[in-house]
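First up is the structure itself, then whatever we jot down about it.
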Amino acid sequence: MMNQSELLDRLYAQMIAVSYRIMGNKSDALDIVQESWLKIIQKYETLQDPDKLFHWASTIVRRTAVNEIRRREIRRKTEGRWVRLHMPLNQPDNMLKELEWQEWMDALDDETRRMFKYKYDLGLKDLEIAERLGMPTGTVKARLHRGKRQLMKYTNMYHSRT
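Residues in the sequence shown are numbered consecutively from 1, following the UniProt record's numbering.
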């Protein structure tokens with residue numbers, strides 16, 4: 001017979017394994033497990049058969065992970081549509097600039113575009129972006145810098161045409 005500590009350790013290890021298989025990386029898997037623990041704690045009294053704890057917890061982890069993947073997919077699809085320019089759309093020139101801006105943003109890779117959204121739309125600091133994306137702060141700074149250079153190149157090409 002296992003004591004409570006051993007039981008929880010085994011349960012935690014199983015939850016990580018299930019989450020990792022679905023999410024594909026340790027950082028995301030741990031986030032899913034943390035979120036799942038909260039759900040388990042909040043809903044524990046609804047568990048009718050304690051012998052099914054492991055199955056019940058695995059189901060919660062799976063559903064939480066799948067929901068996160070769906071949420072990310074929706075976010076990924078809509079990120080390409082956001083607009084950084086805040087100007088009235090009723091003027092044709094502003095509409096053209098907005099379309100140009102969107103075209104430039106769409107030319108950036110998904111990760112850089114996501115970093116721009118985090119930094120300039122959500123106001124996150126480089127360290128916060130790095131933590132969200134699970135990468136070093138230096139990598140975030142370098143990619144943002146390269147993205148800015150790429151956008152500058154696009155704006156210079158635009159201004160040389162007009």
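The beta-carbon is built from N, C-alpha and C at its ideal position, and this holds for glycine as well.
Check whether residue i and residue j have beta carbons under 8 Å apart
i	j	result
LEU151	MET115	no
LEU11	PHE54	yes
VAL61	SER36	yes
GLY147	SER27	no
Own chain partners of residue i with C-beta closer than 8 Å, once the 5 adjacent residues on each side are dropped
i	result
LEU30	ILE16 and SER19
MET2	ARG10
GLN4	none
THR111	Note on identity: in this sequence residue 111 is Glu, with Thr being the wrong assignment. Contacts found: LEU133 and ARG143.
THR128	For clarity, residue 128 is Glu in the given sequence; the question names Thr instead. Closer than 8 Å at the Cβ level, and outside the excluded window around GLU128, lie TYR118.
LYS141	ASP126
THR139	ALA130
Contact belief for residue i with residue j at Cβ below 8 Å, rounded distance in angstroms
i	j	result
ALA57	ILE40	6 Å
ILE32	THR59	Not confirmed; about 13 Å, so no contact.
TRP126	THR137	For the sequence presented, residue 126 should be read as Asp rather than Trp. Confirmed, about 5 Å.
Own chain residues within Cβ distance below 7 Å of residue i, not counting five before or after
i	result
TRP104	LEU151 and TYR154
Same chain only: Cβ atoms within 6 Å of residue i, ignoring 5 sequence neighbours per side
i	result
ASN25	none
ILE22	ALA65
LEU124	TYR118
LEU47	TRP56
Which ranges does the alpha helix (DSSP H) cover as unbroken runs of at least 4 residues, wholly within the stretch 40-82, from first to last along the chain? At a cut-off of 4 residues, the continuous stretches assigned as alpha helix (DSSP H) that sit fully inside the stretch 40-82 are 53-79.
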